[in-house]
């Protein structure tokens, strides 16, 4: 029995536009493209699940097929769904297991961060990881920080409840384990706008779990987060914000569309940070800023494109005085979360991003700005430029 | 979000309008739901190809002058021939600046060859499709080789060649066919038959393989002076690729449009979007307008799928959301409508009167002339029957012209988009 809500593949008119704009199909013929893997093959899979094609695994779930589709087909969702419903996978996949358990690995590694960082960067370990775990040697890892952002938060940011307004911050794994500065900068920016920040207990949003096929675990995390954030939104006029574009996308759309959960109680008041900031700025709540005199190139991440959030980031950035902003042609950087950390996809990932790296070099900025943490890792690894989050730039512009 | 001008639809009409508005210094955004119909077009820009009796039009602008008197409801009549001409020249300059020069046969139409080997009247063609040298060689009855790439299934060289032989212009011309084998083939995992136009265009875009391709062309073309290829010569640097291939082979090469995705159309799309971005326009792709608030004869705000909470506001709005294919117009079983604003619709609501029983009817299908009813400045009428003052319509959403029968689709899109922009610029009082 075909469920009515799953027949968007039937709206496909076979125009092949999605395949033109697929960053993976552009660089390799191993992936036949979203049209074939999505709506075309879905018909066959519905008839007989044995007809599934293993090339599905090359999809990065960047969603660029969906934004280019003239017929509103949820191509990437069809592919993601099929990937884990039909493709047979091993009982225990150590690499994928550890790569997607960001909370488990992050908590351990941040407790002994110097040991973790030391070992992750020495050659024998890199060699062993490539050999046993199929994690490419060429890939550089971001450094773990000592302790988690969540634990440091109470000590470092006292008196948040004194502010007249409050937002709940979904910091996500990246800020929690790798980049405390981004979280601290957000608190500074919001405090400068007379807004206090609070955090609640949260689990990984589920993006790496979904990407590695642990949908049950992703659903468990999602239900936990929905419960926590919904109760945080209960008591007053507050919002939930996230500094990661992919976390925001998951909280809003993947929970609903891919995991089939009800997040309606938090949906309208959960936003990626720049959309929240835009609304505040529009209502007149703008922090005092000084000119920064920086030339920066802005790269728009795939998931933010899908979320429709790029216009807000650009608007917020344009309000920073003295920022010479070059908006790069929108294209995928290639890393796609954990995709670029896997040996079998590493070359594809690098090739997808090669155009972007070239364009960044042509602009020759002082900084690259992007909303997504893994885009930042990819760009920092492949270009000589330092990558900042829009919130970092805002914090730099704050008048003390 | 606050702008001077919000354009709904990022096709030929929307992009023309957007580029002109940005040039005049207006803060402009395009909201586009999926990619546009240029991806399915021939990539030549038609102004007016056929008259009411399906006779070929030689001088499109003279014809528009005549048409304006006979059919005052036609978009061209409202825009006026002077602005139509100005708009076509304008877009031609924009494309030339993006390294996509277009050929025109003076102020007259010329024919470009289709994938089926028939000829179609058009006003502007990419120089890799038609140019002075090709024109001269055709007239001189130089031998032609119609080539295809081995394994490529979306183009039939023999049908093309046979139909070409039937053209009066091609009488007594030696027409041969042949295949090109790409060296690249041995290095790909893909089955040759799975290659679409885009895969081949990417091989050309990467200029590395050109010498080998040239060698293959020379081998298959034999003594032919002119070579016909399906349109694969790259997307971003087609002019260079075309020139280099001609130099390497010593032959004249022309492209014919092939099945979608249309590489020729994508070149125009890429060039215009590049121009739009260079002027710092904001292009919101993959978003859809879900709600429009109209009060007292003007649009107050729009809401979109991705941004339901923050309304989009502007001084002026342009509706260039396309026809039925692109979703600008919608048909239910026994109802036709414009879904965003519910604008006054021109066209019979009864299903049986939408189409002709004959698919290739010379009189064409009535639904192609349906669309949004507009006043003399291309402003539509709202639900209450009053003109919406800050809304303009452009492109195939307009009623009372038949893009297929007249071969006027791209001309109306460009002219109406430009016309709307000029009106908005004037009213904003910001003309530079």
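Protein chains in written order, with this note's numbering: chain A, 1 to 400; chain B, 1001 to 1432.
Backbone N, C-alpha and C define an ideal beta-carbon position, used for all residues, glycine too.
At a C-beta separation below 8 Å, residue 16 (chain A) has these neighbours in chain B: 1196, 1198, 1260, 1261.
Using a Cβ distance threshold of 8 Å, residue 1302 (chain B) and residue 1006 (chain B) count as a contacting pair. Residues of the stretch 1320 to 1336 of chain B with a C-beta atom less than 7 Å from some C-beta of chain A are 1326, listed in chain order. Just measuring C-alpha positions, the residue of A:382, A:357, A:39, A:263 sitting nearest residue 138 (chain A) is A:382. When DSSP states are grouped into helix, strand and coil, residue 1118 (chain B) belongs to the coil group. Within a 10 Å sphere around the beta-carbon of residue 1330 (chain B) sit fewer than 16 other beta-carbons, which makes this residue exposed. Assignment of beta-bridge partners to residue 1248 (chain B) by DSSP yields no partner. Interface criterion met: the Cβ of residue 1282 (chain B) is under 8 Å from a Cβ in chain A. DSSP lists A:324 as the beta-bridge partner residues of residue 295 (chain A). Restricting attention to alpha helix (DSSP H) runs no shorter than 4 residues, the stretch 1030 to 1080 of chain B encloses them at 1060 to 1070, 1075 to 1079, ordered along the chain. Around the C-beta of residue 291 (chain A), fewer than 16 other C-beta atoms lie within 10 Å, and the residue is accordingly described as exposed. Closest in alpha carbon position to residue 1260 (chain B), among B:1205, B:1334, B:1154, B:1335, is B:1154. The residues 324, 365, 366, in chain order, have a CB closer than 7 Å to that of residue 295 (chain A) in the same chain once the five nearest residues on each side in sequence are set aside.
Around the C-beta of residue 1386 (chain B), fewer than 16 other C-beta atoms lie within 10 Å, and the residue is accordingly described as exposed. Among the residues of chain A, those whose CB is under 7 Å from the CB of residue 1307 (chain B) are 308, following chain order.
Sequence-distant partners of residue 355 (chain A) (beyond 5 residues in either direction) whose C-beta falls short of 8 Å from its own C-beta, in its chain, are 331. Annotation for residue 1145 (chain B): the continuous beta strand (DSSP E) segment containing it runs 1144 to 1149.
The shortest CA-to-CA distance from residue 242 (chain A) to any of A:265, A:277, A:54 is the one to A:277.
Taking the CA atoms as reference points, residue 172 (chain A) sits about 24 Å from residue 397 (chain A).
DSSP places residue 1105 (chain B) within a strand segment (E or B) once states are collapsed to three. Counting C-beta pairs closer than 8 Å gives three or more between the stretch 1083 to 1103 of chain B and the stretch 1400 to 1417 of chain B, which meets the contact rule. For residue 135 (chain A), no Cβ of chain B is located within less than 8 Å of the residue's own Cβ. Within its own chain, the residues whose Cβ lies closer than 6 Å to the Cβ of residue 250 (chain A), once the five positions on either side in sequence are excluded, are 205, 206, 207, listed in chain order. Residue 1362 (chain B) does not reach chain A, its nearest Cβ partner there being about 26 Å away, counting only Cβ pairs nearer than 7 Å. In the three-state reduction of the DSSP assignment, residue 370 (chain A) falls in the strand class. From the listed residues A:192, A:352, A:186, A:266, the smallest Cα separation to residue 222 (chain A) is found for A:266.
Taking the Cα positions, residue 1179 (chain B) is about 45 Å away from residue 1371 (chain B).
In this structure, residue 1031 (chain B) lies near residue 1287 (chain B), with their beta-carbon atoms less than 8 Å apart. Put simply, the CB of residue 29 (chain A) is near chain B, with a gap under 8 Å to one of its CB atoms. For residue 1419 (chain B), not one C-beta of chain A is nearer than 8 Å to its own C-beta. Scanning the stretch 155 to 197 of chain A from its first residue to its last, the whole alpha helix (DSSP H) runs of 4-plus residues come out as 180 to 192. If you check each beta-carbon in the stretch 56 to 70 of chain A against every beta-carbon of chain B, the ones closer than 9 Å belong to 63, 64, 66, 67, 68, 69, 70.
In the DSSP assignment, residue 312 (chain A) is bridged to no other residue.
Excluding five sequence positions before and after residue 1337 (chain B), the CB atoms of its chain that fall closer than 7 Å to its own CB belong to 1330, 1345, given in chain order. Below 8 Å, too few C-beta pairs join the stretch 1376 to 1390 of chain B and the stretch 1275 to 1283 of chain B to call them touching: fewer than three.
Separation of the CB atoms of residue 338 (chain A) and residue 211 (chain A) is rounded to 6 Å, and the pair is thereby assigned contact status at 8 Å.
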